[in-house]
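Notes follow the structure.
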Amino acid sequence: MKIYLSLIFVLIEILFTSSCSTQKLYKSKQEININKPDPDFLFKEGNKLFEQKKFVESIDKYKQVINISSGFSKALNNMAYAYYQIEDFDNAIKNFNLAINYSPNCADYFFNIGICYFKNKNILK
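Numbering (the working numbering), first residue to last: 1041 to 1165.
This is the structure we're talking about:
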(Lines of atoms letter the chains of each structure in order from A and count residues from 1; the text may use other names and numbers.)
(Lines give C-alpha, C1' and ligand atoms only; values in the text may rest on other atoms or scores of the structure.)
Protein backbone atom coordinates (compact mmCIF):
# COMPACT_ATOMS: atom_id res chain seq x y z
CA MET A 1 0.00 0.00 0.00
CA LYS A 2 2.83 2.39 0.87
CA ILE A 3 4.43 1.67 -2.49
CA TYR A 4 1.20 2.56 -4.35
CA LEU A 5 0.82 5.79 -2.41
CA SER A 6 4.44 6.67 -3.12
CA LEU A 7 3.97 5.97 -6.84
CA ILE A 8 0.79 8.04 -6.95
CA PHE A 9 2.56 10.90 -5.19
CA VAL A 10 5.49 10.71 -7.63
CA LEU A 11 3.11 10.68 -10.64
CA ILE A 12 1.20 13.67 -9.33
CA GLU A 13 4.45 15.53 -8.76
CA ILE A 14 5.66 14.72 -12.28
CA LEU A 15 2.39 15.89 -13.81
CA PHE A 16 2.43 19.08 -11.79
CA THR A 17 6.06 19.80 -12.63
CA SER A 18 5.61 19.18 -16.35
CA SER A 19 2.50 21.36 -16.36
CA CYS A 20 4.44 24.23 -14.81
CA SER A 21 7.32 23.95 -17.26
CA THR A 22 4.85 23.92 -20.16
CA GLN A 23 3.31 27.13 -18.86
CA LYS A 24 6.74 28.74 -18.60
CA LEU A 25 7.55 27.69 -22.16
CA TYR A 26 4.22 29.07 -23.39
CA LYS A 27 4.83 32.38 -21.62
CA SER A 28 8.28 32.59 -23.18
CA LYS A 29 6.87 32.04 -26.68
CA GLN A 30 4.14 34.58 -25.98
CA GLU A 31 6.72 37.15 -24.86
CA ILE A 32 8.75 36.55 -28.01
CA ASN A 33 5.67 37.01 -30.22
CA ILE A 34 4.73 40.23 -28.46
CA ASN A 35 8.14 41.75 -29.17
CA LYS A 36 8.34 40.50 -32.75
CA PRO A 37 6.25 42.26 -35.42
CA ASP A 38 4.02 40.11 -37.60
CA PRO A 39 5.57 39.69 -41.07
CA ASP A 40 2.16 39.26 -42.71
CA PHE A 41 0.97 42.56 -41.23
CA LEU A 42 4.12 44.36 -42.39
CA PHE A 43 3.77 42.76 -45.83
CA LYS A 44 0.23 44.12 -46.16
CA GLU A 45 1.44 47.54 -45.03
CA GLY A 46 4.11 47.42 -47.71
CA ASN A 47 1.49 46.49 -50.30
CA LYS A 48 -0.70 49.44 -49.27
CA LEU A 49 2.25 51.81 -49.64
CA PHE A 50 3.08 50.27 -53.02
CA GLU A 51 -0.51 50.78 -54.22
CA GLN A 52 -0.20 54.44 -53.18
CA LYS A 53 2.95 54.62 -55.34
CA LYS A 54 5.09 55.22 -52.24
CA PHE A 55 7.74 52.86 -53.52
CA VAL A 56 10.62 53.86 -51.24
CA GLU A 57 8.41 53.52 -48.15
CA SER A 58 7.12 50.16 -49.37
CA ILE A 59 10.72 48.96 -49.80
CA ASP A 60 11.37 49.82 -46.15
CA LYS A 61 8.35 47.73 -45.08
CA TYR A 62 9.41 44.79 -47.23
CA LYS A 63 12.91 45.00 -45.73
CA GLN A 64 11.34 44.72 -42.28
CA VAL A 65 9.43 41.63 -43.42
CA ILE A 66 12.61 40.02 -44.76
CA ASN A 67 14.53 40.82 -41.58
CA ILE A 68 11.91 38.81 -39.67
CA SER A 69 11.31 36.11 -42.26
CA SER A 70 14.16 35.89 -44.77
CA GLY A 71 12.44 33.32 -47.00
CA PHE A 72 9.29 35.40 -47.58
CA SER A 73 9.53 35.21 -51.37
CA LYS A 74 6.45 37.36 -52.03
CA ALA A 75 8.01 40.19 -50.01
CA LEU A 76 11.26 39.79 -51.94
CA ASN A 77 9.36 39.87 -55.23
CA ASN A 78 7.31 42.91 -54.25
CA MET A 79 10.40 44.72 -52.99
CA ALA A 80 12.15 43.93 -56.27
CA TYR A 81 9.16 45.29 -58.18
CA ALA A 82 9.25 48.47 -56.07
CA TYR A 83 12.93 48.85 -56.95
CA TYR A 84 11.95 48.32 -60.59
CA GLN A 85 9.38 51.12 -60.30
CA ILE A 86 12.04 53.58 -59.14
CA GLU A 87 14.38 52.26 -61.87
CA ASP A 88 16.92 50.78 -59.46
CA PHE A 89 17.40 47.76 -61.71
CA ASP A 90 20.44 46.33 -59.91
CA ASN A 91 18.54 45.99 -56.62
CA ALA A 92 15.46 44.80 -58.48
CA ILE A 93 17.41 42.01 -60.18
CA LYS A 94 19.15 41.07 -56.93
CA ASN A 95 15.83 40.70 -55.10
CA PHE A 96 14.07 38.93 -57.96
CA ASN A 97 16.91 36.40 -57.86
CA LEU A 98 16.46 35.95 -54.11
CA ALA A 99 12.72 35.41 -54.60
CA ILE A 100 13.49 32.81 -57.27
CA ASN A 101 15.92 31.05 -54.91
CA TYR A 102 13.17 30.65 -52.31
CA SER A 103 10.38 29.84 -54.80
CA PRO A 104 11.99 28.39 -57.93
CA ASN A 105 8.66 27.15 -59.31
CA CYS A 106 7.04 30.58 -59.48
CA ALA A 107 6.96 31.57 -63.14
CA ASP A 108 5.95 35.15 -62.30
CA TYR A 109 9.32 35.78 -60.66
CA PHE A 110 11.16 34.65 -63.81
CA PHE A 111 8.90 36.83 -65.95
CA ASN A 112 9.55 39.82 -63.67
CA ILE A 113 13.31 39.42 -63.77
CA GLY A 114 13.16 39.04 -67.57
CA ILE A 115 11.30 42.35 -67.88
CA CYS A 116 13.85 43.92 -65.56
CA TYR A 117 16.77 42.68 -67.67
CA PHE A 118 15.00 44.00 -70.78
CA LYS A 119 14.46 47.44 -69.22
CA ASN A 120 18.06 47.42 -68.03
CA LYS A 121 19.07 46.76 -71.65
CA ASN A 122 20.60 43.42 -70.72
CA ILE A 123 18.62 41.26 -73.13
CA LEU A 124 21.20 38.47 -73.35
CA LYS A 125 20.49 37.27 -69.81
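Every residue gets a Cβ at the ideal spot worked out from N, C-alpha and C, and that includes glycine.
- V1105 and F1083 do touch by the CB rule: their CB atoms are close to 5 Å apart, below 8 Å.
- Between the alpha carbons of Y1121 and Y1142 lies a gap of roughly 16 Å.
- Distance from the CA atom of C1156 to the CA atom of D1130, rounded to whole angstroms, is 9 Å.
- Looking from the CA of L1116, the closest CA among F1151, K1103, E1127 and C1146 belongs to K1103.
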